[in-house]
Structure formats: structure tokens, C-alpha cells
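In this note's numbering, each residue's number is its place in the sequence shown (first place is 1) plus 10.
Single-structure report; data block below.
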Amino acid sequence: MIWKLEELAGAEFQCKCGRLHKVPIQRIRMGAGALNYLEQDIPELSLAGKALIVADETTFEVAGRQVEAVLKQAGIALDRVVLHPRHNLQPANWVLPDERSLGEVLLKVPEGSGFLVAVGSGTINDITRFVAHKTHRPFLSVGTAASMDGYASTVAALLTGSFKRTVPAAYPTAIYVDPDILATAPLEMAAAGFGDLLGKSIALADWRLSHIINGEYYCPTIAGIVEQVLSTALKDVKALGSGDPDALLRLTEGLILSGVAILMFGDSRPVSGAEHELAHFWEIRGLAHGRLFYHGDKVAIGTLLMTEMHERVLAMDPDKLAWDRIYRERLSIADYKEMLQRDFAGAWEALYSPNWEQTKKEEIRRQTRDLLIPNWARIQEEVPKSLLKTDEIRSHLATLNLCQSPQELGIQRDWLAASLRSGREMKPHRYTIMDLAAEMGCLDSISQEILESVSS
Ligand SMILES: [Zn+2]
Ligand SMILES: [Zn+2]
Numbered sequence: 011m012i013w014k015l016e017e018l019a020g021a022e023f024q025c026k027c028g029r030l031h032k033v034p035i036q037r038i039r040m041g042a043g044a045l046n047y048l049e050q051d052i053p054e055l056s057l058a059g060k061a062l063i064v065a066d067e068t069t070f071e072v073a074g075r076q077v078e079a080v081l082k083q084a085g086i087a088l089d090r091v092v093l094h095p096r097h098n099l100q101p102a103n104w105v106l107p108d109e110r111s112l113g114e115v116l117l118k119v120p121e122g123s124g125f126l127v128a129v130g131s132g133t134i135n136d137i138t139r140f141v142a143h144k145t146h147r148p149f150l151s152v153g154t155a156a157s158m159d160g161y162a163s164t165v166a167a168l169l170t171g172s173f174k175r176t177v178p179a180a181y182p183t184a185i186y187v188d189p190d191i192l193a194t195a196p197l198e199m200a201a202a203g204f205g206d207l208l209g210k211s212i213a214l215a216d217w218r219l220s221h222i223i224n225g226e227y228y229c230p231t232i233a234g235i236v237e238q239v240l241s242t243a244l245k246d247v248k249a250l251g252s253g254d255p256d257a258l259l260r261l262t263e264g265l266i267l268s269g270v271a272i273l274m275f276g277d278s279r280p281v282s283g284a285e286h287e288l289a290h291f292w293e294i295r296g297l298a299h300g301r302l303f304y305h306g307d308k309v310a311i312g313t314l315l316m317t318e319m320h321e322r323v324l325a326m327d328p329d330k331l332a333w334d335r336i337y338r339e340r341l342s343i344a345d346y347k348e349m350l351q352r353d354f355a356g357a358w359e360a361l362y363s364p365n366w367e368q369t370k371k372e373e374i375r376r377q378t379r380d381l382l383i384p385n386w387a388r389i390q391e392e393v394p395k396s397l398l399k400t401d402e403i404r405s406h407l408a409t410l411n412l413c414q415s416p417q418e419l420g421i422q423r424d425w426l427a428a429s430l431r432s433g434r435e436m437k438p439h440r441y442t443i444m445d446l447a448a449e450m451g452c453l454d455s456i457s458q459e460i461l462e463s464v465s466s
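Have a look at this one:
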């Protein structure tokens with residue numbers, strides 16, 4: 011079955027997994043002239059009052075003016091916020107989802123009724139969805155680049171101080187994507203979007219792994235959507251590399267579908283595994299060093315490293331491990347916490363949650379051997395289904411001019427070592443291949459091998 015994005019909008023169905031899945035986004039318009047539907051959709055979606063357009067200088071020029079023209083034509087009153095980059099991070103021309111941007115948008119939110127229109131990609135959508143959530147206003151999203159999978163998200167990644175945190179936010183009432191607008195964005199943004207989708211290979215593998223070992227809820231329908239997103243993106247690599255507008259539209263479709271999978275599932279489990287934990291870890295270190303990266307560029311490198319970790323862990327034989335020694339050598343909570351405080355370099359306090367210790371106590375006591383041995387054949391068969399070969403990943407990265415190693419991207423060796431050691435604590439409740447490696451007592455040795463293989 012092929013999932014069509016436009017048909018999924020507003021859908022609600024009883025799934026064979028036993029749950030009712032809902033896609034609360036009411037309209038998704040993809041294709042040339044998509045913005046013209048705003049005139050018809052706004053009254054149909056019961057949006058009333060003044061519209062506040064949120065854009066940056068670039069996205070205002072490529073799409074914001076057009077949105078304004080359509081709204082004016084429809085007789086809708088409007089106001090605008092065009093955000094500017096004002097910071098000393100690199101690259102210097104990026105707008106940040108920080109207190110300043112949030113304040114600028116908040117000041118302009120119309121009194122009484124009204125709605126917001128995000129015109130942009132990741133940052134503009136994060137800012138708008140957060141303000142929309144806090145002020146109880148609906149918002150529409152007009153996509154300008156195929157750079158990330160957050161269009162349909164219900165969380166916003168915001169920068170407070172020099173720390174990036176994920177906070178609850180609103181999903182858009184409708185999404186509009188015109189391929190002619192996407193084609194104006196630099197190709198490196200689409201390459202990053204592809205990198206984000208590449209990560210789905212690990213996310214799916216980690217999810218299946220936890221389903222088998224921990225009995226975690228797994229939905230084959232949602233997994234099928236994510237598999238479709240990944241396979242479509244892989245078929246399109248060459249076309250994306252040459253900036254083909256149809257491929258760009260399919261890539262954006264995949265990125266939105268990935269967000270739809272999050273909405274259907276209720277959190278990001280189906281689309282975010284160990285590769286995203288590493289990406290978030292490097293983001294924190296990058297910010298502390300004044301460096302910004304595209305999210306998808308980091309996810310792509312995370313995918314490369316975690317593919318290797320999956321390969322190495324799955325090649326082991328749990329029957330032959332010295333389990334008594336592994337259990338004995340597990341770090342105490344106090345030692346482990348000390349290591350995390352060091353590795354997260356000041357960010358640990360912000361991440362730490364009160365029930366963390368309980369989770370870790372259970373992990374230390376876990377009889378992993380008994381969970382693995384009866385399930386190992388199934389794990390070896392089912393977990394790698396979505397995994398790619400590392401050579402294949404490298405060749406895709408090369409086609410899209412993406413960095414092929416952490417060093418090339420600017421991830422320093424000490425951040426890399428710390429992320430492999432402690433990155434699994436970015437989301438302590440999300441079980442990934444890094445958690446299994448830790449429980450099997452081989453996280454450090456495999457991390458060392460990965461470090462050597464990427465620096466050679
Ligand atoms: Zn389901
Ligand atoms: Zn992502």
C-alpha cells in the first residue's frame with residue numbers, strides 16, 4: 011500500500027495494531043500553485059480574524075509576498091514579522107529560535123481572534139508553532155525548503171541561553187508546499203532533509219529491537235509509512251542531487267509523512283533512534299563552541315556511525331559472552347552520573363529528570379542475557395531489515411555533497427567519543443542499539459572501533 015499524504019490529512023482509522031490513529035492536520039496541499047488554495051481553505055478551516063505572517067528575509071521574498079497577496083485578495087487583514095539573524099554563532103546568517111525571535115512574534119500576535127502563518131522551514135516553524143501553542147491560536151505552515159521533518163511536528167526545538175530544548179507546541183492546521191518555491195532554496199538544505207530521512211533506517215531498526223527485547227508497542231502500519239518514506243528518498247538520491255523539482259517535492263512529502271507518523275504514534279519513536287540522540291548531543295556541543303549545523307547533516311553522520319554499531323552488535327553471539335563479568339562490571343549509578351556530568355559539560359542538569367535514577371537502577375539490574383538468548387535469531391533477522399550498508403550510505407552522502415565523516419562536518423574527536431559513551435542518555439527512555447551495546451558490555455569497545463574507523 012502506498013500512503014498518500016493529501017489523503018492522510020484529517021484521517022482517523024482503527025488500525026490492526028489495536029489503536030485508533032488520528033492525523034489532526036486538516037489539509038495538506040502539495041504541488042504547483044498550492045498557495046492559491048489559502049483563499050478557499052481559510053474559511054473552510056474556520057480560521058478567522060487577522061493573519062500574522064512569520065518569515066525571515068529570504069523566505070519572505072520567496073513565498074511571504076505571495077502569501078500576503080493571496081490573503082489580501084481574499085480580504086483577510088494581515089500583519090507580518092520578518093525575523094533577522096542577530097547573534098555571534100556560525101553560520102551568522104541563520105535566524106535562531108531564541109527568546110528574541112519568540113518575543114518579536116509574540117508582540118505581534120493579534121488581539122482577539124486571529125491565526126499565524128509560518129513561511130519558512132525548521133526555525134520559522136518552531137518559533138511559530140510554539141507561539142501559536144502558547145497563545146492558543148491556530149497556524150498554517152507554508153514550506154520553503156525540504157530541510158527537516160518538523161513541518162508536522164508537535165514539539166518545537168528552542169534555544170534558551172545556549173541550550174537547545176524541545177518543548178510542547180502545536181501542529182499546523184494545514185500545510186502548503188509548492189515545488190517552485192522549494193527549488194529556490196539552496197541544495198544543501200534538501201541534502202540535509204535527505205540526511206534526516208536517512209536516519210529512519212536506524213530509527214526503525216531501534217524500534218524493532220526494543221519491540222522484540224522489551225515488548226515495546228510497535229505498529230506495522232506506522233512502520234510501513236516510515237519504510238515508504240525511506241525507500242522513496244533512496245530512489246531519488248540522484249534526482250535530488252541535480253535539484254529536480256519533482257524529487258524535491260517527494261522529499262518534502264517524505265519529511266511531512268515522517269511528522270505524520272509522529273502524530274499517529276504520539277511521540278517520535280518511529281522516526282528517531284540512536285542517530286538522533288547523537289545529532290542532538292553534537293548540537294549541544296556545537297552551540298557551546300559557537301557552531302550551528304543543519305539538523306539533517308548531523309543525523310546523516312549519526313546514521314553512518316549507528317549502522318556500524320548495529321552491524322557489530324548483531325554479529326555477536328550472546329551465548330558466548332561472559333555475562334557474570336558483564337553484570338559485575340556495570341557502572342554504579344554514582345559513577346555513571348559523574349561520567350554524564352562530565353560528558354554533557356553543563357547540559358546534564360537541564361536533561362536530568364527525577365525518574366532517571368529509577369530507570370538506570372532497572373538497567374543495572376537487568377538480566378539482559380535472559381532477554382537476548384531466546385530472541386537472538388529473531389533480532390538478527392528482523393532488526394537489520396531497514397539498515398543500509400555503510401558503503402551505500404557513503405555513496406549517497408557523496409552524491410548530495412554531504413560530509414562523509416564527523417571530522418569533515420566539524421564534530422571534534424572529544425565530542426564524538428563523549429557522544430558514543432553518553433549520547434544514549436539524550437533520551438533515556440528511548441531504547442536503542444547504544445543501550446543494548448551498553449547492556450552487553452561492549453559499548454566502549456565498539457565505540458573505540460568506530461572512532462578508529464572514522465579517523466582512518
Ligand atoms: Zn497502528
Ligand atoms: Zn530529525
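Heads up, the beta-carbon is just placed ideally off N, CA and C, and yes, glycines get one too.
For the putative contact between residue i and residue j, defined by C-beta atoms under 8 Å, what is the C-beta separation to the nearest angstrom?
| i | j | result |
| --- | --- | --- |
| A156 | L261 | 4 Å |
| F140 | G59 | With a Cβ gap of about 20 Å, F140 and G59 do not count as contacting. |
| T242 | G264 | 6 Å |
| I38 | A65 | About 20 Å; that fails the 8 Å criterion. |
| G69 | L106 | The amino acid at residue 69 is misidentified as Gly; the sequence shows Thr. Between L106 and T69 the Cβ distance is about 15 Å, and since that is not below 8 Å, they are no contact. |
| M158 | G253 | In fact, because the Cβ distance is near 18 Å, the residues do not count as touching under 8 Å. |
| S163 | I137 | Actually they do not touch by this definition, with Cβ atoms about 13 Å apart. |
| I185 | G160 | That pair is no contact at about 11 Å. |
| M450 | T378 | 6 Å |
Under a Cβ-count criterion, where at least 16 other Cβ atoms within 10 Å of its own Cβ denotes burial, should residue i be classed as buried or exposed?
| i | result |
| --- | --- |
| H320 | buried |
| F149 | buried |
| K174 | buried |
| E391 | exposed |
| E359 | exposed |
| T183 | buried |
| P328 | buried |
| H299 | exposed |
| H286 | buried |
| A166 | buried |
| N135 | buried |
| L297 | buried |
| S268 | buried |
| D188 | buried |
Could you give the DSSP three-state label for residue i: helix, strand or coil?
| i | result |
| --- | --- |
| V33 | coil |
| R322 | helix |
| T176 | strand |
| A128 | strand |
| K60 | strand |
| A87 | coil |
| L331 | coil |
| D51 | helix |
| Q100 | strand |
| R375 | helix |
| F354 | coil |
| R39 | strand |
| E226 | coil |
| T400 | helix |
| I185 | strand |
| Q497 | A question about residue 497 goes unanswered here, because the residues of the chain that appear run from 11 up to 466. |
| T170 | strand |
| E121 | coil |
| Q422 | coil |
| F23 | strand |
| L261 | helix |
| D277 | coil |
For residue i, which residues from the same chain have a beta carbon less than 7 Å from its beta carbon, with the 5 sequence-adjacent residues on both sides left out?
| i | result |
| --- | --- |
| S467 | Absent from the model: residue 467. The displayed extent of the chain is 11 to 466, so no value can be given. |
| P438 | W366 and T369 |
| D353 | A428, R431 and S432 |
| G205 | G306, D307, V309, A310 and L412 |
| S172 | L297 and A298 |
Within its chain, find whatever has a CB closer than 6 Å to the CB of residue i; leave out the 5 residues flanking it on each side and keep chain order.
| i | result |
| --- | --- |
| E109 | none |
| L208 | A310 and T313 |
| S282 | A213 |
| G91 | One detail in the question is off: residue 91 reads as Val in this sequence, not Gly. Closer than 6 Å at Cβ, skipping near neighbours: V64, E114, V115 and K118. |
| L104 | This sequence places Trp at residue 104; Leu is not what is there. Hits under 6 Å: P95 and L302. |
| L99 | G300 and L302 |
| S220 | E226 and Y441 |
| D445 | R434 |
Near residue i, what residues of its chain come up, given a Cβ to Cβ distance below 8 Å and the 5 sequence neighbours on each side ignored?
| i | result |
| --- | --- |
| V485 | With the chain covering 11 to 466 only, the question about residue 485 has no answer from this structure. |
| L397 | S211, I212, A215, T317, H320 and E321 |
| G6 | The shown model of the chain, from 11 to 466, leaves out residue 6, and the question about it has no answer. |
| A408 | Q414 |
| M199 | S131, A155, A156, S157 and Y304 |
Mind checking whether the beta-carbon of residue i lies closer than 7 Å to any heavy atom of ligand 3?
| i | result |
| --- | --- |
| S282 | This structure simply doesn't include ligand 3; it includes ligand 1 and ligand 2 instead. |
Closer than 6 Å from C-beta to any heavy atom of ligand 1: which residues, in chain order?
Checking every Cβ against the heavy atoms of ligand 1 under 6 Å gives C25, C27, R29, H31, C229, T231 and I232.
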